[in-house]
Structure formats: structure tokens, C-alpha cells
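With the first letter of the sequence shown counted as 1, position 161 gets the number 294 in the working numbering; the numbers rise by one all the way through.
Since the structure comes first, as C-alpha cells, the remarks are kept for the end.
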Amino acid sequence: MRRRLRRYLVNGVLITVPIALSFSVLAWFVTSLDRMIAPPIERLVGHQIPGLGLLGGVVLLVAAGALASNLAGQYLIELTEAFLLRIPVFNWLYRTVKQVTELFAPGGKVRFKKVVLVEYPSPGRYSLGFVTRELKVKTGSGPPQDHLCVYVPANHMHFGQAVIVRAEHVIETSLGLQQGVQGVLSAGASLPDTID
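Pasting the structure below:
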């Protein structure tokens with residue numbers, strides 16, 4: 134009973150902390166922008182305008198995307214990243230968040246390659262996963278064998294396990310990436326009746 138409660142507590146923390154942190158960071162971002170943008174515009178217009186921080190955030194994100202689309206902007210981003218990667222602890226956090234966001238970015242360097250089934254977490258139980266890369270693993274004195282790195286998501290797409298599986302133990306599916314992601318996010322409800 135105590136073990137189950139502890140597991141529920143840990144799962145609850147793992148689920149709620151990232152959501153709460155995301156909302157906190159978003160609220161801080163919008164509030165900070167609102168404090169900077171609202172006063173001069175309100176003086177100009179003569180009354181308070183709700184939502185300026187949110188509008189400013191959208192404009193800032195579009196501007197950042199436009200900046201990243203040209204060479205000068207890319208150079209500036211590379212300089213900023215080089216600086217951020219020199220900060221202890223923050224560099225690990227930044228690198229991890231960047232890799233996760235690149236998984237979901239349309240033009241990212243790291244991408245899900247295909248949707249597969251793997252026998253995980255125990256024999257006879259299959260999990261839906263996404264191949265992120267192919268690699269060779271050398272065990273013992275034999276030649277290196279083909280393996281796949283399969284991302285098996287948990288209840289949120291950004292939580293999960295990277296599982297290294299022998300290539301012949303991976304079952305390829307005909308599901309598209311979008312179907313696979315929707316299948317995970319819907320707890321399997323949107324998956325077809327037959328997966329082949």
C-alpha cells in the first residue's frame with residue numbers, strides 16, 4: 134500500500150510540476166511584457182487595454198522566428214547559444230529542452246523517423262514508440278549489431294524513455310507520425326482497430 138502511494142505521489146509530481154512550471158513561466162513572460170508594453174501605450178491611448186502582454190508575446194515570438202530565418206539572425210542565435218552553454222547547470226537544462234523541442238519541430242535536426250511497436254516494459258506487452266535514430270551496439274567480442282533508439286512516451290509526450298532495441302525486435306507499423314502522436318495523446322483512443 135505504501136509503495137503504491139509513493140508511486141502515485143511521484144507520478145503526480147512528474148505530471149503536475151512540468152505543467153505548473155510551464156504555466157508559471159508563461160504567466161511570468163506575459164506579465165513581464167505587459168508591465169513593459171502597457172504603460173506607454175495606455176498613456177498614448179488614454180485607457181487600459183487588456184491582453185497587451187499576450188499580444189506582445191505573440192509579436193515577440195513571430196519576430197524571433199523571422200530573425201532565425203536569415204543568416205544574421207542565425208549568427209546572433211548561435212552566439213547566444215554559445216554563451217548559454219557556458220553557464221553551469223543551465224547548459225544541461227538548455228540542451229535538454231532544445232533537443233526535446235527539436236523532436237517536435239518541423240525542420241528540427243532530431244526527428245521521429247517512424248512509428249513502431251516494441252516489447253516494452255516487459256515481455257508480451259507492446260508499447261507504441263518513435264524511432265529517433267539508428268546505431269550499432271557492440272556487446273562482448275562479437276561484431277556490433279544494428280539497434281534502434283526508440284522513444285517510448287509516457288502519459289505526456291515530453292516524458293518517456295529512450296529505449297535501445299535490437300533492430301529485429303522492433304515491429305514497424307504503417308502508422309504515420311501524426312497518427313502515432315495522436316494515438317499517444319489520446320491514450321490509444323484514436324488508434325485504428327488494426328495496426329499493421
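Yeah, the Cβ is synthetic: ideal placement off N, Cα and C, and Gly gets one too.
Does the Cβ of residue i have 16 or more other Cβ atoms within 10 Å, making it buried, or fewer, making it exposed?
i	result
residue 280	buried
residue 327	exposed
residue 313	buried
residue 149	exposed
residue 142	exposed
residue 325	exposed
residue 191	exposed
residue 146	exposed
Identify whether residue i lies in helix, strand or coil by the three-state DSSP scheme.
i	result
residue 304	strand
residue 323	coil
residue 276	coil
residue 222	coil
residue 294	strand
residue 228	helix
residue 299	strand
residue 256	coil
Can you confirm whether residue i, when its beta carbon is compared against all beta carbons of chain D, has any partner nearer than 8 Å?
i	result
residue 168	Among the chains of the structure shown, chain D does not appear; only one protein chain is present.
Rounded to a whole number of angstroms, what is the C-alpha to C-alpha distance between residue i and residue j?
i	j	result
residue 249	residue 298	11 Å
residue 211	residue 284	28 Å
residue 296	residue 256	14 Å
residue 176	residue 315	47 Å
residue 265	residue 174	47 Å
residue 182	residue 318	36 Å
residue 186	residue 200	20 Å
Go to residue i, then tell me how far its beta strand (DSSP E) extends in each direction, as first and last residue.
i	result
residue 263	259-270
residue 247	247-252
On a CA-only basis, which of the options is nearest residue i? Give me that one, please.
i	options	result
residue 305	260, 278, 295 and 268	260
residue 169	267, 193 and 222	193
Could you check where the alpha helix (DSSP H) with residue i kicks off and where it finishes?
i	result
residue 315	310-318
residue 186	185-200
residue 181	Note, residue 181: premise wrong, no alpha helix (DSSP H); not H, not E.
residue 210	204-217
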